[in-house]
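Enquirer: Quick one: structure below, then a few questions.
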Amino acid sequence: MGFDDVNLEKPLIGVVNTWNSANPGHYGLNQLAEQAKWGIIEAGGTPVEFGLPGPCDGMANGHEGMKYILPNRELLAAGVETMAKINRLNGLLLIGGCDKIVPGLIMGAVRTNLPSVFLGAGPMLPGEVDPDSPFAKMYNRPQLHLSALDWGHEYYVSGKVSKQEYKALEDSVCPTCGVCPPLGTANTMNCLAEVLGLALPYGATIPAIMSQRLRFAKASGRAVVEAVRMKLRPSELITEKSLTNAVRFMMATGGSTNAVLHLLAIAYEAKRRLDLATIAKLGKETPIITDLMPMGPHHMIELHKMGGVPAVLKELLPLLDGEALTVTGKTIAQVAETAVTRKDSFIRPLTDPYQPWGGVAVLYGNLAPEGAVCKPAAVAPEMWRHRGAAMVFDDEAACLDAIRSDRIQPGSVVVIRWVGPKGAPGMPEMYKPMKFLEGKGLAASVALITDGRFSGGNRGGFVGHISPEAACGGPIALVKDGDEIEIDMERGILNVLVGDAELERRRTAGINKPKRESGGWLKIYSEQVKSASLGAILGTGDEK
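All residue numbers for the sequence shown refer to our numbering, where the first residue is -18 and numbers rise by one.
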């Protein structure tokens, strides 16, 4: 490898690169890694690069591969831990972008407690269709992203657009490398890495293809060497203060429901206190002050023009703990004060929010004794409260078949169960069923509840993470077709309107558990994973 004593006397920095050519979100990471290594060398460190898996959620939707996406978070954490310990590294530069990649890398860094800096892939530019195209109506603007394919598929199968028009959409939705353009899970987690203090300020929103991101990569390389010199470790950054700030940022921006899982898992690794009840409380106290897609019309490139994450933090500062430290050595308040407020900004002050409560809500009730998670920011207000008859499915495929064959009744509540962390296993996203309901025009009248997850790009009356899951004997396993289900996102309620005696009778009569064969990694995962209410962690028995 050519290292000499001069190289090896310097801080040894592990460059964790999740590049691959199967994922557009990570396709540009090699360029970032090269620039980051230059920064490390310039600052007096020696970079050593290694790779870890970096799959795209979008590639996995609707098939067996989605069962591996959340478990890969644990593989990444273990991979970072393993390589850092074996190679006696002094610091870590973590390079990733997509949904579960970011928290997995952070969890690994927290385990090692080595000085660490996270460097994100940056947002992809949105695709674009003709303003007169039917597809432009999906988001009331011609700028689109990957989610348009699933919603737009209904336009194609119903004859509203031709095969050529649909193919043109397919060719346009991912025009560059980078993570998906809206505030889905990937961009939510990239922003939260910045709020948690593990990434340099202003970086989360820099588009993937800009030379500014290459310069930012070099600066991140320099920063990790400086963090080693300052002995600034993740244990000083990932605190209850910074975790609370991250939850508030997620609420104020209408971030992804997946961030709830990931923040709980990061807190667990850091041995910090954070639970669903705290997240629920913070959500009720924190208004939404941006209208980023999928809630509103704006993509991440537009947030970048408005000042990025620090501009949001500046407006949110009265609700934040400004003393939380960042990897720069500055506090989050000092970072926020550097932001310049633009007169044309869509970032609103706390006194004039888009919504007076947070973008993510936690629900409890006899269907979710341990909690469930929804995203009112991406739900039409008329669906915040909903009652309907249950239509029950024991897997995603059966539900998709019912949607395609027009068997879903307006006003109903679709229930997809046995798809939790243990039951699926892997807690896959029920992304396609919700998107297909949207494409059928049913998202304003049909709710979808599940012990699985949803994508950060989903919109509509969905509730996920229902805990305990069906595979652990959760009440969702007892629901029958026709049962009335009550959802109230404002009051935080999720109930099946069936008496306790009847539910107990059903439990005593026995639960028909679907047969699912899992081998290899998924079998190991299903045996070890804990409840979604704890972050779907691979716990050791001391969590709760």
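Even for Gly, the Cβ is constructed at its ideal location relative to N, Cα and C.
So, is Pro(-18) buried or exposed, given that buried needs 16 or more other C-beta atoms within 10 angstroms?
Expert: Numbered from 1 along the sequence shown, position 1 holds the residue referred to as residue -18. Checking the sequence shown, residue -18 turns out to be Met, not Pro. Exposed, because fewer than 16 other Cβ atoms sit within 10 Å of the Cβ of Met(-18).
Enquirer: Please name the residue or residues paired with Thr312 in a DSSP beta bridge.
Expert: The sequence position of residue 312 within the sequence shown is 331, counting from 1. According to DSSP, Thr312 bridges with Leu306.
Enquirer: Between the beta-carbon of Ala248 and the beta-carbon of Val98, is there less than 8 angstroms?
Expert: By one-based count along the sequence shown, residue 248 stands at place 267. By one-based count along the sequence shown, residue 98 stands at place 117. For Ala248 and Val98, no; Cβs fall outside 8 angstroms.
Enquirer: Could you please give the first and the last residue of the uninterrupted alpha helix (DSSP H) stretch that includes Asn570?
Expert: Nothing can be reported for residue 570: it is not among the residues displayed for the chain, which extend from -18 to 525.
Enquirer: State the Cα-Cα distance for the pair Asp462 and Glu508, rounded to the nearest angstrom.
Expert: Along the sequence shown, read from residue 1 onward, the residue named residue 462 stands at position 481. Along the sequence shown, read from residue 1 onward, the residue named residue 508 stands at position 527. In a straight line, the C-alpha of Asp462 is about 30 angstroms away from that of Glu508.
Enquirer: Beta strand (DSSP E) containing Glu266: first to last residue?
Expert: Locating residue 266 in the sequence shown gives position 285, counting from the first residue. It is not in any beta strand (DSSP E) - Glu266 instead sits in the alpha helix (DSSP H) that spans 257 to 266.
Enquirer: Quick check on Asn506: does DSSP put it in helix, strand or coil?
Expert: The residue you call residue 506 lines up with position 525 of the sequence shown. The identity of residue 506 in the sequence shown is Tyr, whereas the question assumes Asn. Helix.
Enquirer: Tell me which same chain residues have a C-beta within less than 7 angstroms of the C-beta of Glu207, skipping the five on either side of it?
Expert: If you number the sequence shown from 1, residue 207 lands on position 226. So the qualifying residues of the chain are Ala24.
Enquirer: Give the secondary structure of Glu109 by DSSP, where H, G and I count as helix, E and B as strand, and everything else as coil.
Expert: As a position in the sequence shown, residue 109 is number 128, starting the count at 1. Here Glu109 sits in strand by DSSP.
Enquirer: Taking 8 angstroms as the limit between beta carbons, can you name the residues of its chain near Ile389, skipping five residues before and five after?
Expert: The residue labelled residue 389 in the question sits at position 408 within the sequence shown. Answer for Ile389: Met372, Ala383, Val395, Leu418, Lys421, Leu423, Val427, listed in chain order.
Enquirer: Hey, is the segment -5 to 4 in contact with the segment 21 to 38, meaning 3+ C-beta pairs nearer than 8 angstroms?
Expert: Touching, yes.
Enquirer: Suppose you measure from the CA of Gln124 to the CA of Ser153; what does that come to, to the nearest Å?
Expert: The residue labelled residue 124 in the question sits at position 143 within the sequence shown. The residue labelled residue 153 in the question sits at position 172 within the sequence shown. Between Gln124 and Ser153, the C-alpha separation is close to 10 angstroms.
Enquirer: Three Cβ pairs or more, each shorter than 8 angstroms: is that satisfied between the segment 297 to 317 and the segment 112 to 129?
Expert: These segments do not touch.
Enquirer: What are the partner residues of Asn476, as DSSP defines its beta bridges?
Expert: Sequence index remark: in the sequence shown, residue 476 carries index 495 (1-based). Paired residue(s): Glu467.
Enquirer: Going by CA-CA distance only, name the one from Glu498, Gly60, Glu151, Val83 that's closest to Asp38.
Expert: Residue 38 sits at position 57 when you count from the first residue of the sequence shown. That would be Val83, whose Cα lies nearest to the Cα of Asp38.
Enquirer: Is Leu294 closer than 8 angstroms to Gly235 when the C-beta atoms are compared?
Expert: Within the sequence shown, numbered from 1, the residue matching residue 235 stands at position 254. Within the sequence shown, numbered from 1, the residue matching residue 294 stands at position 313. No. Outside cutoff.
Enquirer: Considering only C-alpha positions, which residue in the set His44, Leu298, Pro96 is nearest to Met211?
Expert: Within the sequence shown, the letter at position 230 stands for residue 211. Nearest option by C-alpha distance: Pro96.
Enquirer: With a CB to CB cut of under 7 angstroms and the five nearest residues on each side skipped, what residues in its chain are close to Pro107?
Expert: For this step, residue 107 is matched to residue 126 along the sequence shown. If we look at Pro107 and ignore the five residues flanking it on each side, its Cβ neighbours are Gln124, Leu125, His126, Pro162, His280.
Enquirer: Using the C-alpha atoms, what's the distance from Pro291 back to Pro182?
Expert: Locating residue 182 in the sequence shown gives position 201, counting from the first residue. Locating residue 291 in the sequence shown gives position 310, counting from the first residue. Each residue's alpha carbon lies about 7 angstroms from the other.
Enquirer: Specify, as a first and last residue, the run of the beta strand (DSSP E) that Ile76 falls within.
Expert: By 1-based counting over the sequence shown, the position of residue 76 is 95. Here the beta strand (DSSP E) through Ile76 covers 72 to 77.
Enquirer: Under the three-state reduction of DSSP, which class applies to Leu515: helix, strand or coil?
Expert: Along the sequence shown, one-based indexing puts residue 515 at 534. Leu515: helix per DSSP, three-state reduction.
Enquirer: Please go through the same chain and pick out, in chain order, the residues whose beta-carbon is closer than 8 angstroms to the beta-carbon of Phe374, but skip the five residues on each side of it.
Expert: Your numbering for residue 374 matches position 393 in the sequence shown. Same-chain partners within the cutoff: Cys380, Ala383, Val395, Val396, Ile397, Arg398.
Enquirer: Closest to Arg497 by C-alpha separation, out of Ala41, Val400, Thr312, would be which residue?
Expert: Position 516 of the sequence shown, counted from the first residue, corresponds to residue 497. Nearest C-alpha to Arg497: Val400.
Enquirer: Assuming Gly165 contacts Ser436 (C-beta within less than 8 angstroms), just tell me the rounded distance between them.
Expert: Taking the first residue of the sequence shown as 1, we reach residue 165 at position 184. Taking the first residue of the sequence shown as 1, we reach residue 436 at position 455. So it is a contact: roughly 6 angstroms between Cβ atoms.
Enquirer: Mapping DSSP to helix, strand and coil, what is Met(-18)?
Expert: As a first step, residue -18 must be located in the sequence shown, where it is residue number 1. Met(-18): coil per DSSP, three-state reduction.
Enquirer: Report the CB separation of Asn42 from Tyr412 in whole angstroms; it is logged as a contact under 8 angstroms.
Expert: For the purposes of this step, residue 42 is identified with residue 61 of the sequence shown, where counting begins at 1. For the purposes of this step, residue 412 is identified with residue 431 of the sequence shown, where counting begins at 1. Indeed they touch by this definition, with Cβ atoms about 5 angstroms apart.
Enquirer: Where do the ends of the alpha helix (DSSP H) carrying Asn11 lie?
Expert: For this step, residue 11 is matched to residue 30 along the sequence shown. That run of the alpha helix (DSSP H) goes 10 to 23.
Enquirer: Please identify the residue among Glu15, Pro28, His7, Asp(-15) whose C-alpha is closest to the C-alpha of Pro(-8).
Expert: Working through the sequence shown from its first residue, we reach residue -8 at position 11. Pro(-8) has its Cα closest to that of Pro28, out of Glu15, Pro28, His7, Asp(-15).
Enquirer: Label Lys525 either buried or exposed according to how many other C-beta atoms from any shown protein chain fall within 10 Å of its C-beta, with 16 as the threshold for buried.
Expert: The count along the sequence shown starts at 1 and reaches residue 525 at position 544. Here the model assigns Lys525 a pLDDT of 48, short of 50, so the residue's position is not dependable and the matter cannot be decided.
Enquirer: Answer yes if the segment 227 to 245 comes into contact with the segment 310 to 327, meaning at least three C-beta pairs across the two stretches below 8 angstroms, and no otherwise.
Expert: No, they do not touch.
Enquirer: What's the C-alpha gap between Ala370 and Gly77?
Expert: In the sequence shown, residue 370 corresponds to position 389, counting from 1. In the sequence shown, residue 77 corresponds to position 96, counting from 1. Going by the C-alpha atoms only, they are around 42 angstroms apart.
Enquirer: With distances taken from CA atoms, which of Asn439, Glu483, Trp502 is nearest Thr238?
Expert: Locating residue 238 in the sequence shown gives position 257, where the first residue counts as 1. It is Asn439 whose Cα lies nearest to the Cα of Thr238.
Enquirer: Residues in the same chain with beta-carbon distance under 6 angstroms from Ser514, minus the five sequence neighbours each way, listed in chain order, please.
Expert: For this step, residue 514 is matched to residue 533 along the sequence shown. Closer than 6 angstroms at Cβ, skipping near neighbours: Leu257, Glu351, Gly352, Ser448.
Enquirer: Is Leu218 closer than 8 angstroms to Leu179 when the C-beta atoms are compared?
Expert: Translated into the one-based positions of the sequence shown, residue 179 becomes position 198. Translated into the one-based positions of the sequence shown, residue 218 becomes position 237. Result yes, Cβ atoms of Leu179 and Leu218 sit closer than 8 angstroms.
Enquirer: Distance check for Thr93 and Gly392, CA to CA, integer angstroms please.
Expert: To locate residue 392, count along the sequence shown from 1; it is residue 411. To locate residue 93, count along the sequence shown from 1; it is residue 112. Their Cα atoms are separated by approximately 50 angstroms.
Enquirer: Could you pull out every residue in the same chain whose Cβ sits closer than 6 angstroms to the Cβ of Pro337, ignoring the five residues on either side in sequence?
Expert: Translated into positions along the sequence shown, residue 337 becomes position 356. The answer, listed in chain order, is Pro268.
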